[in-house]
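In our numbering, the protein residues as written are 304 to 565.
Working notes, beginning with the structure itself.
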């Protein structure tokens, strides 16, 4: 039992090290085999980032208006993750916006420089996030951020499980469907959806159905254009499903932001 706990804790530390800029202890063991299994703790790393972001937001709201507080909190979130997911979204939009062939799309996405399409995508992303969040009840914002950060990290994991790596001739993917067994699916689902108990069951069902539909359409599009997923497309899925969470909350009745079980 002790060995199992130690092994799982090491997997969590590897996930934290990969998905954030949070320093990890020196005793953390690393290998490609270990890294391939860290997706099981992807939503949990989202919770850590969300807790920091929500804490900063709560403190900022004590002395600042909501638009300023939300902007500061999102800035801190980007610093904690190193803009890991936002970079993926920008590269995805640049690649698919500027490339007409599979090879050209993959080439553009591999370029570390950001283009016009990616820049516009990031501006729109943060504008929509900020405007959506400040239109919601201030007292609900910490819970909204925590739930959105956790559940949005479930869907990139599902894409990996149900798809194939597009860069077949350029080495192995960090994550593959072989690294996500049923144990990982259970851990991902539980840790991703636990914060959703803070919301009405109707919102949970509607959001999950909408996010899965978007994921299915996104997966189909990726397979048609490039034959599978890349790391950048996983970041794009996380950002898109997180944004859907906020936008959907602005469109549903206010009562749906209240828990059905608490």
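Just so you know, even glycine gets a beta-carbon here, dropped at the ideal spot from N, CA and C.
Residues bridged to residue i (per DSSP)
| i | result |
| --- | --- |
| residue 532 | 468 |
Given residue i as reference, the closest of the options once Cα atoms are compared
| i | options | result |
| --- | --- | --- |
| residue 645 | 513, 451, 529 | In this structure the chain extends from 304 to 565, so residue 645 is not present and cannot be described. |
| residue 412 | 362, 538, 359 | 538 |
| residue 318 | 428, 460, 506, 555 | 460 |
| residue 514 | 425, 397, 548 | 548 |
| residue 443 | 324, 373, 332, 426 | 373 |
| residue 361 | 562, 499, 447 | 447 |
| residue 322 | 558, 336, 350 | 350 |
| residue 503 | 316, 557, 343, 345 | 557 |
| residue 458 | 543, 499, 399, 431 | 543 |
| residue 506 | 519, 550, 343, 490 | 550 |
Euclidean distance between Cα positions of residue i and residue j
| i | j | result |
| --- | --- | --- |
| residue 541 | residue 456 | 6 Å |
| residue 326 | residue 384 | 11 Å |
| residue 410 | residue 402 | 9 Å |
| residue 287 | residue 553 | This structure does not reach residue 287, given that the chain is present from 304 up to 565, and the question cannot be answered. |
| residue 445 | residue 310 | 31 Å |
| residue 347 | residue 479 | 19 Å |
| residue 535 | residue 387 | 9 Å |
| residue 493 | residue 559 | 21 Å |
| residue 306 | residue 344 | 18 Å |
Collapsed DSSP secondary structure at residue i in the structure displayed
| i | result |
| --- | --- |
| residue 387 | helix |
| residue 402 | coil |
| residue 333 | coil |
| residue 439 | coil |
| residue 460 | helix |
| residue 309 | helix |
| residue 418 | coil |
| residue 368 | coil |
| residue 445 | helix |
| residue 555 | coil |
Any chain D beta carbon closer than 7 Å to residue i
| i | result |
| --- | --- |
| residue 437 | No chain D is present in this structure, which holds just one protein chain. |
Would the stretch 425-441 and the stretch 366-383 be scored as touching if the rule is three or more Cβ pairs under 8 Å?
yes
How about the stretch 516-532 and the stretch 454-471: do they share at least three Cβ pairs that are nearer than 8 Å?
yes
At least three beta-carbon pairs within less than 8 Å, the stretch 516-523 to the stretch 373-384
They do not touch, by the three-pair rule.
Quick test of the definition: if touching needs 3 or more C-beta pairs under 8 Å, does the stretch 556-565 touch the stretch 413-425?
Contact between the stretch 556-565 and the stretch 413-425 is absent: fewer than 3 CB-CB pairs across the two stretches fall below 8 Å.
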